[in-house]
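So that you can map any letter, position 40 of the sequence shown is 40 in UniProt numbering, and since no number is skipped, the others follow by simple counting.
Just below is one structure, and these are the notes that go with it.
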Amino acid sequence: ESLLKRSSALQVSVLQSQNDSSRKICVANTHLFWHPKGENIRLIQVAIALSHIKHVINDMYPATPLILCGDFNATPSTGTYTFVNSGSITEDHESWDSEVKEQRFAMSLTHQFGLKSACGEPAYTNYVGGFHGCLDYIFIDANVLEVEQVIPLPSHEEVTTHQALPSVSHPSDHIALICDIKWK
1 ESLLKRSSAL
11 QVSVLQSQND
21 SSRKICVANT
31 HLFWHPKGEN
41 IRLIQVAIAL
51 SHIKHVINDM
61 YPATPLILCG
71 DFNATPSTGT
81 YTFVNSGSIT
91 EDHESWDSEV
101 KEQRFAMSLT
111 HQFGLKSACG
121 EPAYTNYVGG
131 FHGCLDYIFI
141 DANVLEVEQV
151 IPLPSHEEVT
161 THQALPSVSH
171 PSDHIALICD
181 IKWK
């Protein structure tokens, strides 16, 4: 019940190349649960999202590569990032821990996608009072897609000119990740 009360979003689109109609790509965007102590909830949310994406691709668009992006609310040291980036997580991973007994969901998870972070692990994509860290990612199917270029993020000086985000110069509390991706 507690899991169902937590908000998340997932948008899945399959796009077709204008130049080659046989080339399709699945682009999914998500926003996972925000609470700093909600890592176990985010793991379930991303597992459900990847399962849904798997069904979309396998049932309707076989062999279509995936780009999964969004606000994961998870730093590179978390189980959510580990699971998405490596394809698996064990039931004894520390990210399953919860202070609330009813919210302990320990299970091993796997997914079929060979996802890698297209923009690496920036020092931060979120910079607010009391916290700064990388929470946003663009994951690509590294077996089929490759990064052509990553647009540099604003400098630390630019981000902190007004102490934190959002600010006069940056209207969001997140910094946009931008990259060019191409088929291998």
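Every residue, glycine too, gets a C-beta built ideally from N, C-alpha and C.
Status (buried if at least 16 other CB within 10 Å, exposed otherwise) for residue 52: exposed
How many angstroms separate the CA atom of residue 141 from the CA atom of residue 130? 34 Å
Please classify residue 129: does DSSP put it in a helix, a strand, or coil? Residue state, collapsed to three classes: coil.
Can you tell me the Cα-Cα spacing of residue 87 and residue 167, whole angstroms? 36 Å
In three-state DSSP terms, what is residue 112? DSSP places residue 112 in coil when its eight states are reduced to three.
Have a look at residue 91 and residue 80 and give me their C-alpha separation to the nearest angstrom. When the Cα atoms are used, residue 91 and residue 80 turn out to be separated by approximately 13 Å.
Opposing strand residues paired with residue 30 [DSSP bridges]: DSSP lists 10, 70 as partners of residue 30.
Chain C within 8 Å of residue 20, Cβ atoms only: Given the protein chain composition of this structure (a single chain), no chain C is represented.
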